[in-house]
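Trainee:
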Amino acid sequence: MGEFGLGTLIAIIIGALFLLVLLFFAILASFYKKIPQGKSIVRTGVGGTKVAFNKGIYVIPVFHKMEIMDISVKKLQIDRMQNEGLICKDNIRADIKVAFFIRVNKSIEDVINVAQTLGCERASDVETLRNIFEAKFSEALKTVGKKFEFIELYEARREFREEIINIIGRDLNGYILDDCAIDYLEQTNISYLDPQNILDSEGIKKITELTALQNINANLIRRDEQKVIKKQDVEAREAILELERQLSEKEEKQRREVDNIRAREEAEIQKVREEERLKSESVRISTEESLAVLEENKLRQVIIAAKNKERTDAVETERVEKDRALEQTERERIVTLAQINKERAVEEEKKTIQDVIRERVQLEKGVVEEQQNIKDVEALRAVEREKQVGITQASRQAEENLIRTVKEAEAKKSAQEQISQQMLIEAEAEKEASIKQAEARKILADAKAREDATIGLAEAEVIKAKAEAVEQQSIVDAAKIQRIATAEAAGIEAKAEAKRKEGLAEAEVMKEKAIADAEGLKEKANAMKQMDGVGKEHEEFKLQLQKEKEVELAAITIQKDIAQSQANVLSSALQTAKIDIVGGETMFFENIINQVSRAKGFDQLIDKSQNAQDIKLALLGDGSTISQGELFNNIKHYASQFNITTEDLKNLSIASLVLKMQQNATEDNMGLLSNIADAVQSFGIGNRKLS
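Under this note's numbering, the first residue of the sequence shown carries the number 10, and numbering increases by one thereafter.
#1: Can you have a look at Met540 and say buried or exposed, based on whether 16 or more other CB atoms are within 10 angstroms of its CB?
#2: Indicate the three-state DSSP secondary structure (helix, strand or coil) for Glu76 in the structure shown.
#3: Excluding sequence positions up to five away, which residues of its chain have a Cβ less than 7 Å from the Cβ of Ala667?
#4: With H, G and I counted as helix, E and B as strand and the rest as coil, what does DSSP make of Arg89?
#5: If we ignore side chains and look at the alpha-carbon of each, how far apart do Ser257 and Glu251 end up?
#6: Considering only the beta carbon of each residue, do Ile66 and Phe40 sit closer than 7 Å?
#7: Along the chain, where does the alpha helix (DSSP H) containing Lys145 start, and where does it finish?
#8: Is there contact between the segment 142-150 and the segment 162-180, where contact requires at least three CB pairs shorter than 8 Å?
#9: Apart from the five residues on each side of it in sequence, which residues of its chain come closer than 6 Å, Cβ to Cβ, to Pro204?
#10: Please state the DSSP three-state secondary structure of Arg179.
#11: Please identify the residue among Glu161, Phe62 and Glu368 whose C-alpha is closest to the C-alpha of Asp119.
#12: So, Leu208 versus Asn100, is the Cβ gap smaller than 7 Å?
#13: Under the assumption that Arg102 contacts His73 (Cβ atoms under 8 Å), give the Cβ distance between them as a whole number of angstroms.
#14: Per DSSP, what kind of secondary structure is Ser291 in: helix, strand or coil?
#15: Quick check on the burial criterion: 16 or more other C-beta atoms within 10 angstroms. Buried or exposed for Ala467?
#16: What residue from Lys259, Lys215 and Lys43 has the CA that sits closest to Met78's CA?
#17: For the beta strand (DSSP E) containing Tyr184, list its first residue and its last residue.
#18: Cβ of Thr58 within 7 Å of Cβ of Ile121?
#19: Can you grab the Cα-Cα spacing for the pair Ile19 / Met75, in whole Å?
#20: Drop a sphere of 10 angstroms on the beta-carbon of Ala469, count the other beta-carbons inside from all chains shown, and report buried for 16 or more, exposed for fewer.
#21: Where does Gln132 land, buried or exposed, given buried means 16+ other C-beta within 10 angstroms?
#22: Let me know if Met679 comes out buried or exposed under the rule of 16 or more other beta-carbons within 10 Å of its beta-carbon.
#23: Could you check where the alpha helix (DSSP H) with Thr53 kicks off and where it finishes?
#24: Could you compute how far the alpha carbon of Glu656 sits from the alpha carbon of Ile663?
#25: With the cut-off set at 7 Å, would you say Glu172 and Val153 are in Cβ contact?
#26: DSSP has Lys84 in a bridge; who is on the other side?
#27: By how many angstroms is the C-alpha of Thr17 removed from the C-alpha of Leu28?
#28: How long is the line joining the alpha carbons of Ala301 and Arg282, rounded to whole angstroms?
#29: Can you tell me which of the three DSSP states Ala674 falls into?
#30: Would you check if the distance between the CB atom of Phe157 and the CB atom of Lys98 is smaller than 7 Å?
#31: Label Ser49 either buried or exposed according to how many other C-beta atoms from any shown protein chain fall within 10 Å of its C-beta, with 16 as the threshold for buried.
#32: Is Ile185 near Asn140, with beta carbons less than 7 Å apart?
#33: Can you find the residues in the same chain that come closer than 6 Å, C-beta to C-beta, to Asp188, ignoring five residues on each side of it along the sequence?
#34: Between Val30, Glu368, Gly212 and Asp677, which lies nearest to Ser200 when the distance is taken from Cα to Cα?
#35: Closest to Asn673 by CA distance: which of Gln650, Ile36, Glu274 and Ser691 is it?
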């Protein structure tokens with residue numbers, strides 16, 4: 010029960026506090042006074058006089074007093090009518106009503122000034138404003154009105170208004186004159202003018218003169234009007250009578266012309282009707298004559314066509330029979346020739362197959378011999394490799410590379426020989442095909458045989474041109490390989506001398522072989538004299554292929570010697586090095602030389618460049634106590650310090666990586682990173698990537 014009472018008490022206290030807060034804010038809101046547009050609040054009391062225009066202000070009872078002042082525009086109208094009319098420059102009195110638009114100036118100082126002078130309630134009262142400003146505005150009207158004549162007041166109302174504003178001024182002790190307007194302007198009735206007044210008497214005189222003159226002019230105008238009207242009436246009547254006479258004449262003339270035209274048209278219609286009937290009859294007669302003539306011509310053409318058809322059918326029948334007989338004869342001749350060609354082709358194909366089999370046997374025999382030679386070479390290299398096992402690991406690697414190179418050379422040699430044999434077989438086949446085609450064309454026609462022979466010669470010329478192009482390319486390649494071999498063999502002169510002796514022996518063998526080949530070529534040349542043009546060119550093509558094969562084999566031999574020399578040099582220079590060499594032919598030697606040159610250049614770069622030395626010291630220190638673990642620790646430290654990830658190393662260029670490190674660096678590391686940036690710029694490697 011006690012706990013329930015305590016909770017109720019706490020709830021009552023909280024509710025009371027909430028009500029007090031709401032009451033406080035309600036009272037505070039009631040103290041805040043807002044003002045609509047066109048009015049201002051003037052607060053006096055504690056804190057002095059305060060003015061609020063477009064915002065609210067706090068007004069606390071007892072401490073403050075609030076008054077509202079109307080600062081909107083007020084219209085104050087000044088009337089000068091009848092006896093008190095405005096006297097103009099020409100002494101004519103004018104009845105005028107001028108509306109002045111005034112308001113309290115919207116500034117704190119002017120509002121306070123008006124409030125202190127008149128009070129907030131009287132400041133916006135029109136009668137109060139009239140009592141204050143009527144005399145001033147009337148005086149201004151009199152002053153300005155004396156500068157203008159009565160007529161000018163109508164014509165120069167804008168200037169009249171501006172003169173009033175200039176004389177009164179816009180600042181009126183807290184008030185401001187926005188504008189003024191002439192609401193009513195008329196001449197004062199002459200009955201309100203005083204003849205005893207000098208100014209009014211002058212005005213009466215001028216008004217009388219002007220009105221009398223205007224009355225005379227008006228009477229003249231009215232009389233002239235009557236005369237002109239009467240004259241116009243007479244002229245109008247005369248014109249009407251003349252027009253009626255002309256109308257009668259026109260009507261009679263029109264009636265007469267209509268009768269003439271009607272008679273003329275009827276005669277013309279009758280004439281046209283007869284002419285049309287004559288034309289129709291003439292056309293009918295002419296049509297009948299034409300139809301009769303056409304009928305006769307039709308009969309004659311039918312007879313002629315029948316005769317021509319009989320003659321044409323006879324000629325066509327005779328031609329068809331003749332063509333059928335010729336086709337039968339030609340078909341029998343072609344069948345006979347085809348049978349003869351088939352038998353001849355079968356015999357020639359049998360002969361060709363025997364030649365191909367014989368050449369293939371020779372080719373296989375050569376391949377077997379080459380394979381046996383390769384096996385002998387491999388056995389010899391195996392013995393030498395076993396003998397060199399105890400020397401060094403590098404020598405064994407060099408020998409293995411040499412054996413691999415020799416195998417590749419032998420394989421290339423075998424492949425070249427097979428390609429040469431294949432080309433010979435294809436040439437033989439082309440020759441046989443050309444011979445068959447030539448014989449077939451000779452059987453068909455002599456003229457056709459000449460044309461086909463020309464085509465065969467053109468094909469042979471193309472084959473010869475291709476062979477010459479291959480020969481030129483082979484010569485160029487051989488010369489290129491020879492230049493490379495000469496340049497690389499400069500440092501291995503002793504090895505070349507040994508090879509020279511071996512080459513002399515091979516040259517003697519080749520000489521004997523060349524003599525034998527020359528004898529064979531001589532006999533072949535005698536045989537070629539008996540051949541026709543196509544066979545002769547075929548033999549020349551075979552000789553060209555043999556020459557190309559020899560050039561390729563010589564190039565392979567040179568490359569083998571170069572590879573062996575390079576292997577000897579590298580085996581002695583890199584006995585203790587562990588290097589993976591990638592590349593064929595002479596490429597691996599060039600790679601080794603390039604890598605050694607780059608390593609030497611990099612060593613010179615590190616030794617000569619101050620920036621590189623700074624980077625080295627930053628990563629490795631002086632090199633006295635550094636270890637692999639410390640190096641990796643330094644790299645990890647820099648990577649974590651500069652917020653570098655593996656993706657940054659993979660994707661960013663070197664310049665971008667250095668820039669990112671500078672963004673995350675401290676003042677202690679800015680010098681080092683600046684040196685690195687200078688080094689990157691000087692080496693020209695800013696756009697490269699580390700990966």
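Quick reminder that beta carbons are idealized off the backbone N, C-alpha and C, glycines included.
A quick note: this is a predicted structure, and the numbers were derived from the prediction, not measured.
Mentor: The structure says:
#1: A caution first: Met540 carries a pLDDT of 48, below 50, which makes its placement in the model unreliable, though a value can still be read off. It counts as exposed.
#2: strand
#3: Before going further, note that residue 667 is Val rather than Ala in the sequence given. So the list reads Leu682, Ile685, Ala686 and Val689, once near-sequence residues are dropped.
#4: Correct three-state label for Arg89: strand.
#5: Whole-angstrom Cα-Cα distance: 10 Å.
#6: no
#7: Val135 to Gly154
#8: yes
#9: Ser210
#10: When secondary structure is reduced to three states using DSSP, Arg179 falls in the coil class, being assigned neither helix nor strand.
#11: Phe62
#12: In contact: Leu208 and Asn100 (Cβ atoms closer than 7 Å).
#13: Between His73 and Arg102 the Cβ distance is about 55 Å, and since that is not below 8 Å, they are no contact.
#14: In the structure shown, Ser291 sits in a helix (DSSP, three-state: H, G or I).
#15: Only weak support is given to the placement of Ala467: the predicted model assigns it a pLDDT of 45, under 50, and the question is left unresolved by the model.
#16: Measuring from the Cα of Met78, the nearest candidate turns out to be Lys43.
#17: Tyr184 to Gln196
#18: yes
#19: 42 Å
#20: Confidence at Ala469 is low in this model, with a pLDDT of 44, below 50, so its placement is unreliable and the value that follows should be read with caution. By the neighbour-count rule (16 or more Cβ atoms within 10 Å), Ala469 is buried.
#21: What sits at residue 132 in the sequence shown is Ala, not Gln. Classification of Ala132: buried, given that the 10 Å Cβ count is 16 or more.
#22: exposed
#23: Looking at the DSSP string, Thr53 is not in any alpha helix (DSSP H); the run it does join, the beta strand (DSSP E), is Lys48 to Gly54.
#24: 13 Å
#25: The Cβ atoms of Glu172 and Val153 sit closer than 7 Å to each other.
#26: According to DSSP, which records beta bridges pairwise, Lys84 is partnered with Phe110.
#27: Their Cα atoms are separated by approximately 16 Å.
#28: 29 Å
#29: coil
#30: Yes, they are a contact pair.
#31: buried
#32: Against a cut-off of 7 Å, the Cβ pair of Asn140 and Ile185 comes out as no contact.
#33: Phe110
#34: Per the C-alpha coordinates, the member of Val30, Glu368, Gly212 and Asp677 positioned closest to Ser200 is Gly212.
#35: Gln650
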